[in-house]
Amino acid sequence: KNEVEQSPQNLTAQEGEFITINCSYSVGISALHWLQQHPGGGIVSLFMLSSGKKKHGRLIATINIQEKHSSLHITASHPRDSAVYICAGMRDDKIIFGKGTRLHILP
Amino acid sequence: KAGVTQTPRYLIKTRGQQVTLSCSPISGHRSVSWYQQTPGQGLQFLFEYFSETQRNKGNFPGRFSGRQFSNSRSEMNVSTLELGDSALYLCASSVSRPDTQYFGPGTRLTVL
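Going line by line, the protein sequences match chains A and B. Going by my numbering, 44 is the number at position 6 of the first sequence; the sequence numbering is gapless. Going by my numbering, 75 is the number at position 39 of the second sequence; the sequence numbering is gapless.
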């Protein structure tokens, strides 16, 4: 079992839908990253959070330390949000990655 | 500010050769981390350098090594290349550790 699990693995939705991607981890972590990777490989760090909630534009990330769970939400999704979203936990100064969620937003 | 740059962007090598990849972090960033991404294993942590010292190392064989220079630029080296080393190699920099990381575009290495 991976130490960082994401669900779903693949997600297809219509433009405008509210999107939720989940990340669960089985080990203690000090912080959690959400990354976005577009086709071609470029990775953008969306959030780094260790508690509570962060918001940036249409993106919202939450983390519940007790439940070892984090969610990434996208409001009013758009085709340009199509990408792979990866969560990664920081543990002992190392990063453990989830396998990613491939999101496809249809126009 | 210029982003993280990696050179070369693409590289083709044959088994048994060695390769050196370069990463220039964002100006002022002192931490550089290296990652390997393959379709099968996803993203995996290779190592992290901070102020010219290796601070952490992932679960990779000794053929994978790296270093960081006084200007924070970093290189990673893979010796005796194997077919399985074909991957996208990403570096990321941050101001300190732990901190938000900024990723470079990656070097796509193909081993034939």
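Note that beta-carbon positions come from the ideal geometry of N, C-alpha and C, so glycine has one too. Note that the structure is a prediction, hence the values are computed from the model and not measured.
DSSP places glycine 78 of chain B in the strand class (E or B) of the three-state scheme. At least one CB atom of chain B sits nearer than 8 Å to the CB of serine 83 of chain A. Within chain A, not a single residue places a beta-carbon under 9 Å from that of tyrosine 125 of chain B; the smallest gap is close to 10 Å.
The DSSP assignment places complete beta strand (DSSP E) segments of no fewer than 3 residues inside the segment 72 to 129 of chain A at 81 to 87, 90 to 94, 97 to 102, 107 to 112, 121 to 129, in order along the chain. Taking a Cβ-Cβ cut-off of 7 Å, glycine 127 of chain A has no neighbours in chain B, whose nearest Cβ is about 11 Å from it. The three-state reading of DSSP puts leucine 148 of chain B in coil, since its state is none of H, G, I, E or B. Serine 68 of chain A reaches chain B at Pro134, counting residues in chain order whose Cβ is nearer than 9 Å. Residue state for glycine 98 of chain B is assigned as coil, using DSSP reduced to three classes.
In this structure threonine 50 of chain A is exposed. Its beta-carbon is surrounded by fewer than 16 other beta-carbon atoms within 10 angstroms. DSSP links glutamine 73 of chain B through a beta bridge to B:Leu79, B:Leu124. Taking 8 Å as the cut-off between beta carbons, the residues of the segment 106 to 138 of chain A near chain B are Ile124, Ala126, Met128, Asp130, Asp131, Lys132, Ile133, Ile134, Phe135, Gly136, Lys137, Gly138, in sequence order.
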